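The structure appears right after this line, and notes come after that.
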Amino acid sequence: MEKEFEEELKSLSPVVPFTRRHFVMTMLASGFALAVKPIAAQTAITTDTAGLTAGEVKIPVADGAIPAYRAMPAKGTRFPTVVVVQEIFGVHEHIKDVCRRLAKQGYLAVAPELYARQGDVSKMPDVKEILAKVVSKVPDKQVLSDIDATFAWATKSDKGDAGRQGITGFCWGGRIVWLYAAHNPKLKAGVAWYGRLTSEANERTPRHPLDLAGELEAPVLGLYGGADAGIPLDTVERMRAAIKAAGGKSEIVVYADAPHAFLADYRPSYRKEPAEDGWRRMLAWFKQHGVA
Numbered sequence: 004m005e006k007e008f009e010e011e012l013k014s015l016s017p018v019v020p021f022t023r024r025h026f027v028m029t030m031l032a033s034g035f036a037l038a039v040k041p042i043a044a045q046t047a048i049t050t051d052t053a054g055l056t057a058g059e060v061k062i063p064v065a066d067g068a069i070p071a072y073r074a075m076p077a078k079g080t081r082f083p084t085v086v087v088v089q090e091i092f093g094v095h096e097h098i099k100d101v102c103r104r105l106a107k108q109g110y111l112a113v114a115p116e117l118y119a120r121q122g123d124v125s126k127m128p129d130v131k132e133i134l135a136k137v138v139s140k141v142p143d144k145q146v147l148s149d150i151d152a153t154f155a156w157a158t159k160s161d162k163g164d165a166g167r168q169g170i171t172g173f174c175w176g177g178r179i180v181w182l183y184a185a186h187n188p189k190l191k192a193g194v195a196w197y198g199r200l201t202s203e204a205n206e207r208t209p210r211h212p213l214d215l216a217g218e219l220e221a222p223v224l225g226l227y228g229g230a231d232a233g234i235p236l237d238t239v240e241r242m243r244a245a246i247k248a249a250g251g252k253s254e255i256v257v258y259a260d261a262p263h264a265f266l267a268d269y270r271p272s273y274r275k276e277p278a279e280d281g282w283r284r285m286l287a288w289f290k291q292h293g294v295a
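The sequence shown begins at 4 in this note's numbering and counts up one residue at a time.
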């Protein structure tokens with residue numbers, strides 16, 4: 004499926020401007036996205052809400068409001084804040100669970116629905132439809148602005164600490180992590196899970212992580228699978244070399260036998276050892292760089 008994703012991205016149509024104040028999604032989807040088949044229920048991790056405040060919130064953005072999932076400790080204030088950037092499947096149950104896992108570690112974790120203007124992917128039956136009807140219409144400029152708005156909302160709520168901001172994302176969201184680290188000078192650190200590093204430029208996606216390796220404002224930890232059919236290892240090595248050439252503090256870890264989406268415990272792609280090691284590395288990275 005991920006190789007199909009990479010190939011489909013090459014032929015996506017140019018960006019289609021969104022209608023001002025028109026939001027297709029005003030509430031988050033429930034459960035898992037329909038296009039995820041099969042659901043590996045026997046391995047899916049479910050994190051409870053004991054000791055947490057968790058649920059849907061609305062994030063004010065430049066042209067209205069987008070839904071988001073928020074999880075944080077039930078007691079306290081000014082928590083270190085992590086924005087969690089969705090896979091191509093939107094903010095479904097797996098992304099919500101990632102937020103709860105981070106909240107259990109003391110973070111305010113927020114996952115904004117970054118497709119809210121373009122469509123609800125949760126009911127679409129296959130990846131090709133998601134790519135053609137929604138992802139192809141989501142411009143990077145909009146995404147970066149919405150993440151800015153998410154951090155601003157967290158700070159204004161008195162629950163988020165403006166001085167301790169991090170970001171993590173998966174697949175589609177992994178690419179966004181690299182872009183956002185080159186966008187926001189206040190960001191402390193990012194962790195990108197198997198995010199695409201390069202592709203053809205267009206109006207919607209004018210630049211890619213490889214283009215921005217020398218412009219990163221915050222260090223990024225990239226976590227990649229050596230058996231990822233959709234992200235060739237040569238692009239990972241090119242990114243590593245570009246970071247080194249720029250004198251950057253970012254790092255890349257490759258798990259030799261791991262496929263794409265190895266943290267996605269609800270899918271057959273899940274690999275326990277690299278997933279757990281990657282999670283530990285992420286928490287350590289945030290602590291090392293002042294997010295925790």
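Idealized CB from N, CA, C, for every residue including glycine.
Here the structure is a predicted model, which means the values were calculated and not measured.
Any idea if P212 is buried or exposed, counting beta-carbon neighbours within 10 angstroms, 16 or more meaning buried?
Looking at its Cβ environment, which holds 16 or more other Cβ atoms inside 10 Å, P212 is buried.
Whose CA, out of P235, L219 and V239, lies closest to the CA of Y183?
When each option's Cα is compared against that of Y183, the closest is L219.
Indicate the three-state DSSP secondary structure (helix, strand or coil) for K144 in the structure shown.
In this structure, K144 counts as helix in the three-state DSSP scheme.
What does the Cβ neighbour count give for S33, buried or exposed, with the cut at 16 atoms within 10 Å?
That one is exposed.
Helix, strand or coil, according to DSSP, for L213 in the structure here?
Reduced to three states, the DSSP call for L213 is helix.
At a cut of 8 Å, does the region 247-266 reach the region 274-284 through at least three beta carbon pairs?
Yes, since at least three Cβ pairs between the region 247-266 and the region 274-284 fall closer than 8 Å, the two stretches touch.
Spatial neighbours of S150 within its chain, please: C-beta separation below 6 Å, excluding the five flanking residues on both sides.
It should be pointed out that residue 150 corresponds to Ile in this sequence rather than to Ser. If we look at I150 and ignore the five residues flanking it on each side, its Cβ neighbours are V86 and Y183.
In its own chain, which residues sit with a C-beta less than 7 Å from the C-beta of A106, not counting the 5 before and 5 after it?
So the list reads L55, A57, A74, M75, P76 and A112, once near-sequence residues are dropped.
Mark V256 as exposed unless 16 or more other C-beta atoms lie within 10 angstroms of its C-beta, in which case mark it buried.
V256 should be labelled exposed.
In the DSSP assignment, the beta strand (DSSP E) including D260 goes from what residue to what residue?
Per DSSP, D260 belongs to no beta strand (DSSP E) and is neither H nor E.
Please classify F82: does DSSP put it in a helix, a strand, or coil?
It is a strand residue.
Where does Y270 land, buried or exposed, given buried means 16+ other C-beta within 10 angstroms?
It should be pointed out that residue 270 corresponds to Arg in this sequence rather than to Tyr. It counts as buried.
Is T29 close to chain B? Criterion is C-beta to C-beta, closer than 9 Å.
No chain B appears in the structure shown, which is made up of a single protein chain.
Nearest-angstrom Cα distance between A152 and P83?
Going by the C-alpha atoms only, they are around 16 Å apart.
Considering only residues of the same chain and omitting the five flanking positions on each side of A119, which have a CB-CB separation below 7 Å?
If we look at A119 and ignore the five residues flanking it on each side, its Cβ neighbours are F26, V27, M28, I69 and P70.
Indicate the three-state DSSP secondary structure (helix, strand or coil) for R243 in the structure shown.
Correct three-state label for R243: helix.
Any contact between the region 129-143 and the region 46-55? By contact I mean 3 or more CB pairs, one from each, below 8 Å.
With a cut-off of 8 Å, the region 46-55 and the region 129-143 do not count as touching, because too few Cβ pairs lie within range.
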